[in-house]
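Below is one structure, written out as structure tokens; the observations come after it.
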Amino acid sequence: MIPDFFSQGDKNMQGHAAIITGGGRGIGKAIAESLAKKGVNIAVIDVNMDIAQETSAELQKLGIKSVALKADVSNSADVSNIFESAVKEFGKVEILINNAGITKDGLLLRMREEDWDAVININLKGTFLCSKEAVKAMSKQRYGRIVNIASVVAFMGNFGQANYSASKAGIMGLTKTIAKEYASRGITANAVAPGFITTAMTDALPDNVKQEMLKAIPMNRFGTVEDVAAAVAFLASPESGYITGQVIHVNGGMYM
Ligand code: NAP
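Count along the sequence shown from 1, add 6, and you get the number used in this note's numbering.
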């Protein structure tokens, strides 16, 4: 019989607390809903307070505690505030999902320095700052789950995405280092690398680009936010405790 990995652990996660960056919409919101359905209390972090509050209110209807916190993950003062507020609200934090991310595409020769900096700062530095705060709290409790959202382009590269691919490849190196440094404290760090997922980030692409991308996906469909959330929920659960420094690819076979 094939074990049902993704539904295990539901009971064990009841009452855990998670910080989800970029949790107001898209993949982050789906991750928040998936964890909330397993009884996890959620701090929804976003630069956009309106959508963070909306999502948080929806999560509360699932019977969990949720708080919306405004923060730019590339700002260290904001990041330390969100951890302080989350610990005040929930007493502890077992799970960090580093999901906030942006793109600012352009071919290398046309890529502006500020577009390089913005993407590296939010995607990579943001993951560093949040992880640093998380391990402080998690080390004391000798338990933690850090799940970083990378991308298939960390492994394949992509036209027009030098900044984004570098930020996501950087996240892979960071993930493995956190995994090594904090394994002895009961903290795991893993990544999920989505392929092409239907969200606002990808809706903006022209139809002809989408059709070309579809040809590269053996499953012949784009992924859903729920496809990504299922893998994240597994890595955020107690049952994934002997898995660290790994990546789960969620890409319909686009890269293997
Ligand atoms: P999205 O729909 O654009 O959502 C990203 C969320 O992050 C938004 O709510 C955004 O706020 C927030 N955010 C942006 N900058 C932030 C900052 N500095 N601090 C805090 N929050 C910030 O994107 P998505 O498609 O769900 O992507 C989520 C993650 O998956 C990203 O890391 C992305 O790189 C990764 N990913 C996505 C795909 C895909 O196909 N969609 C594929 C591979 C990887 P605003 O609403 O204000 O912009």
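Where a beta carbon is used, it is the ideal one built from N, C-alpha and C, also for glycine.
- Taking 7 Å as the cut-off, one finds no heavy atom of the ligand NAP near enough to the beta carbon of T183.
- Taken from the Cβ of T230, every heavy atom of the ligand NAP lies 7 Å or farther away.
- By alpha-carbon distance to I33, the top candidate from G163, T208 and A83 is T208.
- Taking C-beta atoms under 8 Å as the contact rule, I126 and N169 qualify, at a distance of about 6 Å.
- Rounded to whole angstroms, T109 and I25 show a C-alpha spacing of 22 Å.
- Inclusion of V46 and S62 in the CB contact set at 8 Å is not warranted, their separation being larger than that value.
- Taking 8 Å as the cut-off, the beta carbon of E232 is found closer than this to the beta carbon of A36.
- Considering only L135, G166 and M117, the residue with the shortest C-alpha distance to N154 is L135.
- If you ignore the 5 residues before and after I254, its C-beta comes within less than 6 Å of the C-beta of V198 and A237, all in its own chain and listed in chain order.
- In summary, K174 is buried, with 16 or more beta-carbon neighbours lying within 10 Å of its beta-carbon over all protein chains present.
- Within the same chain, Cβ atoms closer than 7 Å to the Cβ of K182 are found at G251, the five residues on either side in sequence being excluded.
- As for any beta strand (DSSP E) of minimum length 3 sitting wholly inside the region 190-244, the runs are 193-200, ordered along the chain.
- Judged by beta-carbon spacing, L68 lies within the 8 Å limit of K43, meaning their Cβ atoms are closer than that value.
- Counting the other CB atoms within 10 Å of its CB gives D56 a total below 16, which places it among the exposed residues.
- Under the DSSP definition of a beta bridge, L75 partners with I51.
- When the Cα atoms are used, V141 and A222 turn out to be separated by approximately 38 Å.
- Within the DSSP secondary-structure output, I155 pairs in a beta bridge with V198.
- Here DSSP, grouped into helix, strand and coil, assigns Q167 to strand.
- Under the DSSP definition of a beta bridge, L180 lacks any partner.
- Membership of V85 in the alpha helix (DSSP H) is indicated by the continuous run S82 to F96.
- It is roughly 33 Å from the alpha-carbon of G229 to the alpha-carbon of F96.
- For the 8 Å CB-CB criterion, V79 and I128 form a contact.
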